[in-house]
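Data first, discussion second: the structure below is written as structure tokens.
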Amino acid sequence: MEITETRPVVSEFLGTLLLVFFAVGSAVLAGEYIGTFGIALAFGFVMLALAYALGPISGCHINPAVTMGALLAKRITVRTAVEYWIAQVLGGIVGAALLFLVAKQVPGLQTHAAFGTNGWGDRSAVHINLGGAFVAEIVMTFLFVFVVLGVTHSTAVTGFAGLAIGLALATVHLIGIPLDGTSVNPARSIGPALFAGGAAITQLWLFIIAPLIGGALAAVVHQITHPQEEAAGAEKAATGESTPDEPASGDRV
Numbered sequence: 007m008e009i010t011e012t013r014p015v016v017s018e019f020l021g022t023l024l025l026v027f028f029a030v031g032s033a034v035l036a037g038e039y040i041g042t043f044g045i046a047l048a049f050g051f052v053m054l055a056l057a058y059a060l061g062p063i064s065g066c067h068i069n070p071a072v073t074m075g076a077l078l079a080k081r082i083t084v085r086t087a088v089e090y091w092i093a094q095v096l097g098g099i100v101g102a103a104l105l106f107l108v109a110k111q112v113p114g115l116q117t118h119a120a121f122g123t124n125g126w127g128d129r130s131a132v133h134i135n136l137g138g139a140f141v142a143e144i145v146m147t148f149l150f151v152f153v154v155l156g157v158t159h160s161t162a163v164t165g166f167a168g169l170a171i172g173l174a175l176a177t178v179h180l181i182g183i184p185l186d187g188t189s190v191n192p193a194r195s196i197g198p199a200l201f202a203g204g205a206a207i208t209q210l211w212l213f214i215i216a217p218l219i220g221g222a223l224a225a226v227v228h229q230i231t232h233p234q235e236e237a238a239g240a241e242k243a244a245t246g247e248s249t250p251d252e253p254a255s256g257d258r259v
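According to our numbering, the sequence shown is numbered sequentially starting from 7.
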């Protein structure tokens with residue numbers, strides 16, 4: 007693979023790694039001190055910063071659900087989507103591994119079946135059931151991906167996309183943390199679950215499937231609400247020009 011093709015993939019790997027380490031880390035290492043509001047802000051602030059740092063390189067999806075939305079909106083190719091998905095999952099696992107290493111240095115810190123993972127039933131602060139968690143994840147992911155697509159299309163106001171994306175992620179976490187810990191990102195859920203084990207693994211499937219459905223629905227609805235922008239993005243993708251989610255090779259040097 008050429009250098010011009012690897013930079014976006016490396017960016018997706020690094021971005022997901024940092025999101026998991028710092029944002030999930032805020033729940034694992036500092037949750038009792040900063041509370042739900044602080045954890046939500048941590049997710050939003052990390053996402054905001056990474057959007058500006060990595061957005062010009064890869065679009066800063068760092069979330070398989072966002073990549074699903076971009077793919078269905080015809081902003082990226084299938085090959086790019088697959089490369090991003092692999093990089094995101096690997097980044098989430100490595101980020102969780104680093105966080106696990108730090109967590110194990112804290113005496114008495116519980117990680118088994120916990121570790122910032124997602125869940126329903128007894129693993130939910132409000133004991134939401136499976137159906138409720140499934141619907142919540144779809145709706146929350148829909149909002150997040152819809153905002154991402156809306157603020158990164160070709161006619162959007164430039165310079166403010168990262169702010170809107172960060173605020174959207176913080177908002178869904180304020181709502182979702184008491185429900186199921188908030189996933190809206192399969193890579194964010196997979197990494198910590200692998201190290202937590204137990205029920206975190208058996209319930210993981212929901213936090214992979216539901217966010218992907220939410221991301222797909224966001225793409226479909228966005229094509230209805232922003233038809234001209236999506237048509238322009240599809241035309242650019244077909245001609246090899248840059249789009250907000252997949253910079254041209256000249257922007258990757």
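Ideal placement from N, C-alpha and C gives every residue a C-beta, glycine not left out.
Through-space distance from residue j to residue i, alpha-carbon basis
i           : j           : result
residue 173 : residue 183 : 15 Å
residue 159 : residue 226 : 14 Å
residue 52  : residue 171 : 11 Å
residue 130 : residue 206 : 11 Å
residue 100 : residue 67  : 17 Å
residue 24  : residue 154 : 19 Å
residue 304 : residue 59  : Shown here, the chain extends from 7 to 259; a query on residue 304 therefore has no answer.
residue 191 : residue 82  : 19 Å
residue 108 : residue 217 : 28 Å
residue 197 : residue 181 : 22 Å
residue 20  : residue 90  : 11 Å
residue 31  : residue 84  : 32 Å
residue 204 : residue 127 : 14 Å
residue 50  : residue 72  : 15 Å
residue 103 : residue 175 : 23 Å
residue 34  : residue 111 : 12 Å
residue 149 : residue 139 : 15 Å
Other residues of its chain near residue i: CB distance less than 8 Å, five sequence neighbours each side excluded
i           : result
residue 253 : Since pLDDT at residue 253 reaches only 39, below the 50 mark, its modelled position is unreliable, and no value is offered.
residue 222 : 74, 75 and 78
residue 38  : none
residue 145 : 220
Residue interval of the alpha helix (DSSP H) (run including residue i)
i           : result
residue 213 : 212-231
residue 13  : 9-24
residue 186 : 167-186
residue 192 : 192-202
residue 206 : 205-208
Same chain only: Cβ atoms within 6 Å of residue i, ignoring 5 sequence neighbours per side
i           : result
residue 124 : 186, 187, 189, 195 and 213
residue 250 : The pLDDT assigned to residue 250 is 41, lower than 50, so where the model puts this residue is not dependable; a value taken from the coordinates is nonetheless given after this. Closer than 6 Å at Cβ, skipping near neighbours: 158.
residue 7   : Any reading at residue 7 must be qualified, since the residue scores a pLDDT of 40, below 50, and its modelled position is unreliable; the value itself is stated next. Result list for residue 7: empty, nothing under 6 Å.
residue 57  : 66, 168 and 171
residue 115 : 109
Reduced DSSP category for residue i - H, G, I as helix; E, B as strand; rest coil
i           : result
residue 136 : helix
residue 123 : coil
residue 155 : helix
residue 117 : coil
residue 131 : coil
residue 112 : coil
Same chain only: Cβ atoms within 7 Å of residue i, ignoring 5 sequence neighbours per side
i          : result
residue 28 : 48 and 52
Cβ of residue i within 8 Å of any chain C Cβ
i          : result
residue 54 : Chain labels in this structure do not include chain C; a single protein chain is all it has.
beta-carbon residue i near the ligand ADP non-hydrogen atom, thresh 7 Å
i           : result
residue 205 : In the structure shown, the ligand ADP is absent, as is every other ligand, since no ligand is present at all.
* Every unbroken alpha helix (DSSP H) inside the stretch 29-106 [4 residues or more] -> 31-64 and 70-78
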